[in-house]
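What follows is one structure encoded as structure tokens, with my remarks underneath.
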Amino acid sequence: MTAGRVLLCALFATRVVALDLEPFVLGAFVQSATFSIANQLGFFIAQGLDVTFAQIPNSTFGYARLLDGTFDMVIGTIDNAVNLRFNQNASLTVVGQLDGGNDIILAGVPSVTSVEDLRGKPIMVDSASSGYVFLLRKILSLFALPPSDYTFQAHPLTSTKVVGGTSLRFANLAAGSLPDGTPVFGTILTYPFTGMAAHLDTPLPELARASTFVAPFSSSSVTVATSAFDDLSPASPHVRATAALLAANRFLASQDPAQIQCSRAAIASELGIAPDSTLLDAEFMAATAPVTGETAQVDFEVNSVGLWSVVDLRAQQQAFAGAGDRFNFVDALQPGPGQLIDNRMGDAAIDIAGTIPVPSSCA
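In mature numbering (1 follows the signal peptide of the UniProt record, and there is no 0), the protein residues as written are -18 to -1, 1 to 345.
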């Protein structure tokens, strides 16, 4: 079982030894609120799964591990799936959308107090060709910073324009430098690191909030290898994992005071933050925000307008070279079997999610 897991709800405590749990590896950049609830409150265990959370160091690594079978599922920026599917014809499929840009901001070190202060500076990114980089470029352009006015920070070991995932970039931003001492200046942050940045002893400035400029926006998505759709039966581990996440997401959306307390406790335990703290208040508020949070979409439905925002941002940067000039995006973005968006796994999971028992109270 995943190290550090704490079962908050006694309802599932006896199931740990009663079930023969099936290993399942979920790769993600951050521990979303939905994942936190599914993990901490035993929703995965209720589906017979021993889920290992694998934090992704960068998008190239994460999606490569999905395609080679190391990861069973990835939760990451939907632009990565769009890029790999349309530009490289990669065999991956989006099961559903988790959030609409949960707490995405452009943040700086304390000495950087405006977007304009980034002029002439290197900016940390996960990838120079996918993920949030096109959203970042859009925000910078609106503040009159064309690509010639900034660079992307080089990795100290590889010299590539990739520093790494959100957790690594947050750590570097909080420290003010890369591990080799190279100064850093700014980066994109998301949940839960946006809240953490604001609650440091010396808070990191929020330079711009993405939803001010681009909304709706399809952000994190649940993605699997296309071959996972070969089995959509209730026995499929992918269907069961999706069902656990769906049940957790519905639990997060609940207005019941007892369930809200359970959700908050699960988030606090997963992230290692103090219960009843102002930081926990901020994280819960971000996770349940009506437009950008994890409960904005019902049952992981992909926001079609938000997805078009993703495609448009990439198209503005001429970043569909692999797709070709005659690529039909309208057809390609239609949900259906064999498409980038395939709702069949989510539909199968919905039937199971409603049967998963939920805790009535938490320790």
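C-beta: ideal position from N, C-alpha, C; glycine also.
Going by DSSP in three states, Ile249 sits in which element: helix, strand or coil?
helix
For Asp2, which residues of its own chain have a beta-carbon under 8 angstroms away from its beta-carbon, when the five flanking residues on both sides are left out?
Gly30
Thinking C-beta only, is Phe211 closer than 9 angstroms to Met327?
yes
Taking one C-beta from the segment 47 to 55 and one from the segment 282 to 302 each time, how about it: are there three or more such pairs within less than 8 angstroms?
no
For chain C, is any of its Cβ atoms less than 9 angstroms away from the one on His220?
Absent from the structure is chain C; it holds one protein chain and no more.
My output table needs one value for Asp281: the three-state DSSP class, helix, strand or coil.
helix
How about Glu265 and Ala15: do their beta carbons lie closer than 9 angstroms?
For Glu265 and Ala15, yes; Cβs fall inside 9 angstroms.
List the residues that DSSP assigns as beta-bridge partners of Gly168.
Gly90
Using DSSP's beta-bridge definition, name the partner residues of Ala207.
Leu74
Quick check on residue 361: buried or exposed, where buried means 16 or more other Cβ atoms within 10 Å of its Cβ?
A query on residue 361 cannot be resolved here, the shown segment of the chain reaching from -18 to 345 and no further.
My guess is that Gly168 and Pro39 are in contact by the Cβ rule of under 8 angstroms, so how many angstroms apart are they, rounded?
The pair is not a contact, with the Cβ atoms about 20 angstroms apart (cut-off 8 angstroms).
Looking at the structure shown, is Asp54 part of a helix, part of a strand, or coil, going by DSSP?
coil
Within 10 Å of its beta-carbon, does Glu98 have 16 or more other beta-carbons around it, so buried, or fewer, so exposed?
exposed
In the structure shown, what three-state DSSP assignment does Thr148 receive?
helix
One or two residues paired with Asp238 in a DSSP bridge:
Answer is none; Asp238 lacks a bridge partner.
Within its chain, find whatever has a CB closer than 7 angstroms to the CB of Val273; leave out the 5 residues flanking it on each side and keep chain order.
Gly82, Ser193, Ala197, Pro198
Counting Cβ pairs closer than 8 angstroms, one from the segment 7 to 25 and one from the segment 227 to 242, do we hit at least three?
Result yes; three or more Cβ-Cβ pairs closer than 8 angstroms.
Is Thr270 buried or exposed, if buried means 16 or more other CB atoms sit within 10 Å of its CB?
buried
Can you tell me where the beta strand (DSSP E) holding Gln37 begins and where it ends?
31 to 37
Can you list, in chain order, the residues of its chain with a C-beta nearer than 6 angstroms to that of Thr133? Leave out the 5 residues immediately preceding and following it.
Pro104
Return the residue from the list Tyr173, Pro138, Ala179 that minimises the CA-CA distance to Ser159.
Pro138
Of the listed residues Arg191, Ser41, Arg308, Pro161, nearest to Tyr173 (C-alpha basis)
Answer by Cα proximity: Arg191.
Quick check on Ser14: does DSSP put it in helix, strand or coil?
coil
Rounded to the nearest angstrom, what separates Val56 and Thr34 at their Cα positions?
12 angstroms
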